[in-house]
């Protein structure tokens with residue numbers, strides 16, 4: 020059942036299940052009362068209409084935001100969306116599954132929730148028959164029933180995903196469907212997303228950035244060699260584990276591209292617009308080079324500490340993307356080697372023919388520059404050590420007690436050498 024859950028603000032953790040509608044406001048008689056000085060008595064409403072839900076602002080004084088954008092009139096809302104009223108954040112979601120899942124999913128027991136989003140929920144679950152922990156993704160039933168094209172896209176993508184077997188890709192383990200449920204499981208990788216791994220607005224050291232970029236490039240090269248595209252290569256879809264870096268959510272990303280991105284508008288693109296290639300924004304056909312562009316965005320963020328095309332609004336970000344090239348990353352951070360900057364620039368080429376044509380070529384170039392950078396770093400470290408030893412020796416020579424011992428000792432050694440050379 021759809022729910023509204025207060026994520027931040029007074030009353031955080033409270034959840035309200037929605038039947039047909041839910042009114043949010045400061046009035047205690049509303050369905051979801053909130054204690055926020057910026058909230059009106061009856062501030063906003065979530066209402067069911069057919070198989071979907073919509074959010075509308077009830078002429079409030081301070082307005083309502085959905086995913087960072089002010090609500091004008093009535094707008095569609097999907098699981099995972101965030102409503103903001105004053106300093107109160109409310110997530111629209113679906114009620115979590117508890118215990119073994121009914122029917123087709125009875126072999127799985129949910130042990131934790133990873134996220135709730137527009138394309139369903141992700142869980143950490145245990146497959147009872149094999150006693151193993153897996154990552155389980157379930158698409159929303161209303162989305163499945165209303166969109167037969169999505170079912171077909173889902174199954175087509177999963178057939179391709181079954182062929183992927185690479186250390187930098189989460190392996191598909193199982194999938195299934197009935198009239199109202201689509202699900203799949205992959206291996207569960209302990210770790211954090213690359214978005215969580217990074218410090219806000221701070222770059223990584225060059226070697227770490229190259230290693231992370233290389234891991235994602237290797238994942239894409241493997242997938243592309245089997246004609247599997249990703250379609251949403253983002254920081255949130257890269258997991259950094261203790262021993263592995265993996266690219267996740269291949270199936271969900273391509274279903275989004277094939278089934279629901281059309282007609283989403285700026286609100287739906289808000290979370291992804293930083294990574295989208297120009298051809299994706301044009302709404303035309305895409306190929307593997309769109310994945311390479313998105314990886315270029317990630318490399319830029321890792322090295323520069325900022326996104327190459329981000330502006331204050333989605334519209335301005337898109338205009339900058341379509342209008343020209345990003346500022347060279349080595350102009351933002353001069354210590355970045357020109358060879359590394361050239362790789363990032365080539366990934367971000369608006370002209371498809373000027374961009375890397377194969378992820379495998381990108382892998383080769385990243386390996387070369389990483390080896391060169393590592394060799395230079397080792398050479399620099401050796402120079403620093405030798406320079407430090409030289410300074411220490413000069414310091415000792417200036418130290419009087421050392422001179423009183425060192426020079427007489429050196430003279431004795433010379434006398435011994437002369438004596439033995441004469442006999």
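Residue numbers (the working numbering): 20 to 442.
By construction, the Cβ of each residue, glycine as well, lies at the ideal position given by its N, Cα and C atoms.
In this text the structure is predicted, and so the values were computed from the model without any measurement.
Apart from sequence neighbours up to five positions away, the residues of its chain that approach residue 182 with a beta-carbon distance below 6 Å are 245, ordered along the chain. For the beta strand (DSSP E) assignment, the uninterrupted runs of no fewer than 3 residues enclosed by the region 143 to 219 are, from N- to C-terminal side, 151 to 157, 191 to 196, 201 to 206 and 210 to 212. Per the coordinates, the alpha-carbon of residue 111 lies some 12 Å from the alpha-carbon of residue 66. Contact between the region 206 to 214 and the region 251 to 260 is present, with at least three C-beta pairs closer than 8 Å.
With 16 or more other CB atoms across the displayed protein chains lying within 10 angstroms of its CB, residue 140 is buried. Contact annotation, residue 247 with residue 179: C-beta distance approximately 4 Å; criterion of less than 8 Å satisfied.
When only Cα atoms are considered, residue 360 and residue 22 end up about 46 Å apart. Secondary structure remark: continuous beta strand (DSSP E) runs of at least 3 residues inside the region 29 to 106, in chain order: 34 to 36, 40 to 44, 63 to 68, 71 to 76, 93 to 96 and 101 to 104. Taking C-beta atoms as the reference points, residue 105 and residue 57 count as a pair closer than 8 Å.
In the structure shown, residue 308 falls within a helical segment according to DSSP collapsed to helix, strand and coil. Contact annotation, residue 326 with residue 270: C-beta distance approximately 26 Å; criterion of less than 8 Å not satisfied. Taking C-beta atoms as the reference points, residue 214 and residue 381 fail to come closer than 8 Å. In this structure, the CA atom of residue 304 is about 11 Å from the CA atom of residue 250. Per DSSP, the continuous beta strand (DSSP E) segment holding residue 266 begins and ends at 264 to 266. Remark: C-beta atoms of residue 53 and residue 82 do not approach each other more closely than 8 Å. DSSP links residue 110 through a beta bridge to 24 and 101. Distance between residue 42 and residue 147, taken at the CA atoms: about 41 Å.
Sorting 217, 36, 225 and 91 by C-alpha distance to the C-alpha of residue 394 places 225 at the top.
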